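This report concerns only the one structure given below.
Protein chains in written order, with full-length UniProt numbering: chain A, 1 to 274; chain B, 1 to 274.
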């Protein structure tokens, strides 16, 4: 059983599903939001397919309500609409804290059959030409002081394009772009729900604009466009607008065949050294 | 009272707010989704401010469950989190049909104070250089047979960049881009909630790739980044990936000072002539 499968293990409960968050997947003091989103997408897919609905996440929009910690997590999907080609659902994610049930985030999810949406490709966006993984900078070279040198980072083999790594050495480019390769450290395959985790796995793009400290996600919407082929995934982060400490972070993921398999936008809050 | 203010008029009800949809704002047989989103954002902002929360929509993520028609619409916001700088809410939108309450869409909304997020602008995306409105193609030149030659279209003064208008003459460029100017026909100012309406006001970008017929929105996420200045708004639609009849449509809106004031992505379903 891969680390990833273990992290996304679900048990049926009265109201939906229960999982267990391990601080192997923490960043700083909070659990990685991407892991929670993958877990929520998986739980929603199970509830949907159990009711005869669709099983692949197509869109996933979440608002984050409170930071989650290690331990039990509860996932309660509700089907809002069962259509011929798509199922629409909502999922509530919470943790027990001192006997109370505290909501961590809520998401709206569209599910379908990704096999239906593979062809024909009428337009797509090609992966940027970057050096191969063996010529990129491994995350194991990151300075130990870096916030993201955490449990979560150790789950991944990340290779950053040397052209977009200046921020890690105290020289952010000011461009607001990060490019690189990513795969799980044990080389386990990523499934469609796991792409939500990948979309949020790089350090915040605001680091390339000089932001300091934690960059909490306000809202995240991810789209899965195809089942990823095994192997390295290529990830690019960009931003369109950074103002008053609020920015959008856009992510794109291509698989080892060069197919665009997922993209996302999140609204996040960042502090900038003045 | 402007047409826009009248369309967005809300009355307090037991569970939230009630509005009235007029087929002046219909496209084909359904109401325009953007109008519903603006109405829902406005209702959510009222519920939020009544509880001491924030009043400007920052993010708005909706899943569409059934097409809405003219008549009464019910908007029921629920506050999920009240923070110092942001309020997070959910809003349920429904219509009465034969005595039953039928849900039209559900959205997750983040609200804040846009005045806080105006400065400093550390990065932004400039509006494309297009001809001024008087040198662009007015929507009144659209062939009467066009689907969007509807009540909704008559609410707007739209001027399309001649370089991206080939699709309207049966010659889609295949690029997947539309650019142009837009303002309300009575030149009423657009408020932040109204930007959601603007983001969804152009014909579907898939028309420029040869799609035919209606292009239903599956999921829509819009972000309002600043209060728009009065005057013309510039709108650009693009797409990153079109496969198997599913596409993302990305919109950006700049105000008359050239500031990026809103952007969005939606997942939509399109049919292509083979």
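By construction, the Cβ of each residue, glycine as well, lies at the ideal position given by its N, Cα and C atoms. Owing to the predicted nature of the structure, the values given are computational and were not obtained by experimental measurement.
*Taking only beta-carbon atoms, is residue 263 (chain A) less than 8 Å away from chain B?*
Taking 8 Å as the threshold, the shortest C-beta distance from residue 263 (chain A) to chain B falls below it.
*Is residue 71 (chain B) helix, strand or coil when you go by DSSP?*
In the structure shown, residue 71 (chain B) sits in a strand (DSSP, three-state: E or B).
*Relative to the alpha-carbon of residue 246 (chain B), which residue among A:234, A:93, A:124 has its alpha-carbon at the smallest distance?*
Residue A:124 is the option with its Cα nearest to residue 246 (chain B).
*Between A:219, A:140, A:84, which lies nearest to residue 182 (chain A) when the distance is taken from Cα to Cα?*
If we check each option's Cα against that of residue 182 (chain A), A:140 comes out closest.
*Going by the beta-carbon positions, is the gap between residue 227 (chain B) and residue 114 (chain B) smaller than 8 Å?*
Less than 8 Å divides the Cβ of residue 227 (chain B) from the Cβ of residue 114 (chain B).
*asked:* Taking the beta carbon of residue 51 (chain B) as the centre, do at least 16 other beta carbons fall within 10 Å, making it buried, or is it exposed?
replied: Around the beta carbon of residue 51 (chain B), a 10 Å sphere encloses fewer than 16 other beta carbons of the protein chains shown; the residue is thus reported as exposed.
*Where the beta strand (DSSP E) containing residue 267 (chain A) begins and where it ends*: Note, residue 267 (chain A): beta strand (DSSP E), 260-269.
*List the endpoints of the continuous beta strand (DSSP E) containing residue 220 (chain A).*
In the DSSP annotation of this structure, the continuous segment of the beta strand (DSSP E) that includes residue 220 (chain A) starts and ends at 217-224.
_Run through chain B and tell me which residues come within less than 7 Å of residue 86 (chain A), C-beta to C-beta._
Listed along chain B are 218, each with a C-beta nearer than 7 Å to that of residue 86 (chain A).
*asked:* Could you tell me which whole beta strand (DSSP E) segments of length 3 or greater appear in the stretch 36-121 of chain B?
replied: Residue ranges of uninterrupted beta strand (DSSP E) with 3 or more members, entirely inside the stretch 36-121 of chain B and ordered along the chain, are 56-64, 71-82, 87-97, 100-112.
*Give a yes or no on whether 8 Å exceeds the smallest Cβ distance from residue 63 (chain A) to chain B.*
For residue 63 (chain A), the answer is yes, since a Cβ of chain B falls inside 8 Å of its Cβ.
_Assess contact between the stretch 35-42 of chain A and the stretch 180-200 of chain A, defined as three or more Cβ pairs (one per stretch) separated by less than 8 Å. Is contact present?_
These segments touch.
*Along chain A, which residues have their Cβ under 8 Å away from the Cβ of residue 4 (chain B)?*
The premise fails here: residue 4 (chain B) is roughly 25 Å from chain A at the closest Cβ pair, so nothing lies under 8 Å.
*Of all Cβ atoms in chain B, is any one closer than 8 Å to the Cβ of residue 118 (chain A)?*
Put simply, the CB of residue 118 (chain A) is near chain B, with a gap under 8 Å to one of its CB atoms.
*Do three or more CB pairs link the stretch 92-103 of chain B to the stretch 73-84 of chain B at distances below 8 Å?*
Verdict: yes, contact present.
*Proximal residues of chain B, C-beta to C-beta of residue 176 (chain A) below 9 Å*: Within 9 Å of the CB of residue 176 (chain A), the CB atoms of chain B belong to 122, 123, in sequence order along the chain.
*asked:* On a Cα-Cα basis, can you pick out the residue from B:259, B:179, B:43, B:57 that is closest to residue 13 (chain B)?
replied: Restricting attention to B:259, B:179, B:43, B:57, the CA atom closest to the CA of residue 13 (chain B) is found in B:43.
*Could you say which of A:239, A:22, A:256, A:255 lies nearest to residue 248 (chain A) if we only look at CA atoms?*
Per the Cα distances, A:239.
*Nearest to residue 250 (chain B) by CA position, among B:158, B:70, B:203, B:54, is which residue?*
Nearest C-alpha to residue 250 (chain B): B:203.
*What are the residues of the stretch 38-59 of chain B that lie near chain A, defined by any Cβ-Cβ distance shorter than 8 Å?*
Across the stretch 38-59 of chain B, CB contacts with chain A closer than 8 Å involve 58, 59, in sequence order along the chain.
*Rounded to a whole number of angstroms, what is the C-alpha to C-alpha distance between residue 187 (chain A) and residue 60 (chain A)?*
Our two residues, residue 187 (chain A) and residue 60 (chain A), have alpha carbons roughly 25 Å apart in a direct line.
*Does the beta-carbon of residue 169 (chain A) have 16 or more other beta-carbons within 10 angstroms, so that it is buried, or is it exposed?*
Residue 169 (chain A) counts as exposed, since fewer than 16 other beta carbons sit within 10 angstroms of its beta carbon.
*Where residue 32 (chain A) meets chain B, residues with beta-carbon distance less than 8 Å*: Taking the beta carbon of residue 32 (chain A) as reference, no residue of chain B falls within 8 Å; the closest one sits roughly 20 Å away.
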